[in-house]
Each structure stands twice: as structure tokens, then as C-alpha cells.
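Residue numbers (the numbering used here): 66 to 368.
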Ligand SMILES: [Mg+2]
């Protein structure tokens, strides 16, 4: 059981940490998306070091525009709000609504899972070797907040949520470990507690070992976890963590989002550079701020 002090380490309150995690997630998405699928060398040639939300990229984004990562989190959070808690059927309808809104991007496994639901109404994808992408892991933050204080509910809801599109033990292990780490940081706990969670995952599944860092940053969930852990444990601020991760390219938006989630949970929203916060699309920022309050209320953690 994670204990949740009202104002964690350094006097940062829970709401500020949750906002840090959620806005940090969206900031990482918007910062990384313009360099998604590029290599480190290509980014260096185009941008030097990418420091700002420049827009463009293969999705031709506006500066500050988020992609499927943040949109799927918001869809999940909306479903939780509508249901007044966790309800997989309601979540499925919200993912379908998002799918029908012609999103700027959608991963293959997410597309296939939502199309299956549309076809037969089933809420769980059958196991598939190809489902070890990071698409279920990336959208789980609302459940990490909703279940603060109830680790058993977190694990159960997370697996249901993930299996809607991704049914693979590596995706499951990553979602549980990243969520557990986020919840620990939201509770104001130390980096050594976070590190113990990473080490626990690696000892259960050696495949996730990130030391030495294998320098792979694709959408394969093992690459994602290794990249996110590597930058998170080898950076000294929110900004440094995000700059390191997006400048590696690859699945830069999802890796950026997940790194921003961890660093934001640790440091609170006040640590997010103002130039990024101001550039983030305003309706997204507003929706996140509103959703954070709803989730904290439902979690019984309103301050
Ligand atoms: Mg994306």
C-alpha cells in the first residue's frame, strides 16, 4: 500500500504532482512528436538539439499539438468521469468515439483492437505475439490516479484496460511497473523507491535490463521502458530528462510522454519549463486540469 502524504517531499502537494505527471506527459508528446521516427543524427542535422515544440514532422503538427498518446489518456479519463469510476464497457465506447474522430495518429495494435470491438463487441483482445507495442502502456495514467491508495484495483483495472487492445505479458509488466513507479512518485517518495521498482521489473524479466542502455527507442514496449528508465535515472531535472529522451528520436512522442509523466510526478507541475507549458495546445491543457480534479475527487484524494 502506498501512503500518500498531503504535501509530499519538498512541499509539493499531490495535486501539483498529478498535474505535473499529466501535463508532463502531454508536453513530452508534443515535444517529441515532430521528431518521431527520426534518428539521433537526423534530429541533430535538422534541429541541432531539439529544445522547443517546433511542430511539423511526419504528422505535420502545429507547434504544441499532441497526438494519440495524450488523446487516448483523455478519452480514458472521460470514460472514468462518465462512469463515475472504472468501467471497461464505457472506456471501450470512449476509445471508439476517439477512433471515429479521425485522430491525427493511431497505432496499428490500437486500431486493430478498436476495430475488433466495433465488429464483435468483445472487450478483450486475444493474446498475440505482435501485441508487445507500447500503445496500452502509454494511455494508463488516468487509472494510476483514479486508484491512488488501492494497489489491487490499480493492477486489475490496468490489465483490463490494456487487454482491450494489447494482450501480451511484456505490455502488462511494463504497464504495471510504470504505473507503480508513477504512483510512488506521486506519493512524494524517493528516487531510490522508484529505482527499486525498475530493478524489480528487471529481475522478473531480464529483457527489460537497461544497464548498459541498448540505445533502441522504437515503439516495442521493451525499448520504450529501457529508454524511459535510462533517461529518468540519468537526468537531473524535468527539462534535462525530456531533452534527452526526445533527442533520441524513434518513438519520441510516446517515450517523451512517459518520461514526462515520471519526471512530472516527481517534480510537480512547477518544474515544467514555461516555454513548453505555454505552447501546449490550450484546450488540451484545460482538459487535463479539469480531468485531474475529477480523478482526484473520484480517488477520494481531493485536497
Ligand atoms: Mg503518438
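All residues carry an ideal CB built from backbone N, CA and C; glycine is no exception.
Residue range of the alpha helix (DSSP H) that residue 256 falls in? 256 to 269
Compare the beta carbon distance of residue 100 and residue 349 with 8 Å and say whether it is the shorter of the two. No. Outside cutoff.
Heavy atom of ligand 1 within 7 Å of residue 230 beta-carbon: No, the Cβ of residue 230 stays beyond 7 Å of every heavy atom of ligand 1.
Rounded to a whole number of angstroms, what is the C-alpha to C-alpha distance between residue 84 and residue 112? 29 Å
State yes or no: is the C-beta of residue 288 nearer than 7 Å to some heavy atom of ligand 3? Only ligand 1 can be found as ligands here, which leaves ligand 3 out of the picture.
Can you tell me whether DSSP reads residue 285 as helix, strand or coil? strand
Counting pairs of Cβ atoms below 8 Å between the stretch 225 to 241 and the stretch 102 to 112, do you hit three or more? no
Taking only the alpha-carbon atoms, compute the straight-line gap between residue 124 and residue 170 and give it to the nearest angstrom. 8 Å
Provide the residue span of the alpha helix (DSSP H) that contains residue 385, from first to last. The shown model of the chain, from 66 to 368, leaves out residue 385, and the question about it has no answer.
Contact under 8 Å by Cβ, residue 142 with residue 207: yes
From the DSSP output, which residues share a beta bridge with residue 126? 121
Coil, strand or helix - residue 162 by DSSP: Shown here, residue 162 sits in a helix according to DSSP, grouped into three states.
Count the C-beta pairs between the stretch 87 to 106 and the stretch 127 to 136 that are closer than 8 Å, then say yes if the count reaches three, no if not. Taking 8 Å as the limit for Cβ pairs, the verdict is that the stretch 127 to 136 does touch the stretch 87 to 106.
On the CB-based measure, 16 or more other CB atoms within 10 Å of its CB, does residue 246 come out buried or exposed? buried
Are there any heavy atoms of ligand 1 lying less than 7 Å away from the beta-carbon of residue 132, as far as the coordinates show? It does: the Cβ of residue 132 is within 7 Å (strictly closer) of some heavy atom of ligand 1.
I need the straight-line Cα distance from residue 205 to residue 87, nearest angstrom please. 11 Å
Buried or exposed for residue 104, please, with buried defined as at least 16 other CB atoms from any protein chain shown within 10 angstroms of its CB. exposed
Is the closest heavy atom of ligand 1 to the C-beta of residue 324 under 7 Å? Flag unset: Cβ of residue 324 not near ligand 1.
Buried or exposed (CB count within 10 angstroms, at least 16 for buried), residue 340: exposed
Curious, which full-length beta strand (DSSP E) runs of at least 3 residues does the stretch 167 to 233 contain? none
Would you please state the rounded distance, in angstroms, between the beta carbons of residue 135 and residue 94? I believe it to be under 8 Å. 5 Å
Less than 8 Å between the beta carbons of residue 290 and residue 324, yes or no? no
Can you round the beta-carbon distance between residue 262 and residue 89 to whole angstroms, since I take them to be within the 8 Å contact cut? Between residue 89 and residue 262 the Cβ distance is about 18 Å, and since that is not below 8 Å, they are no contact.
Residue 248 and residue 213: beta carbons closer than 8 Å? yes
DSSP three-state label for residue 366, please. coil
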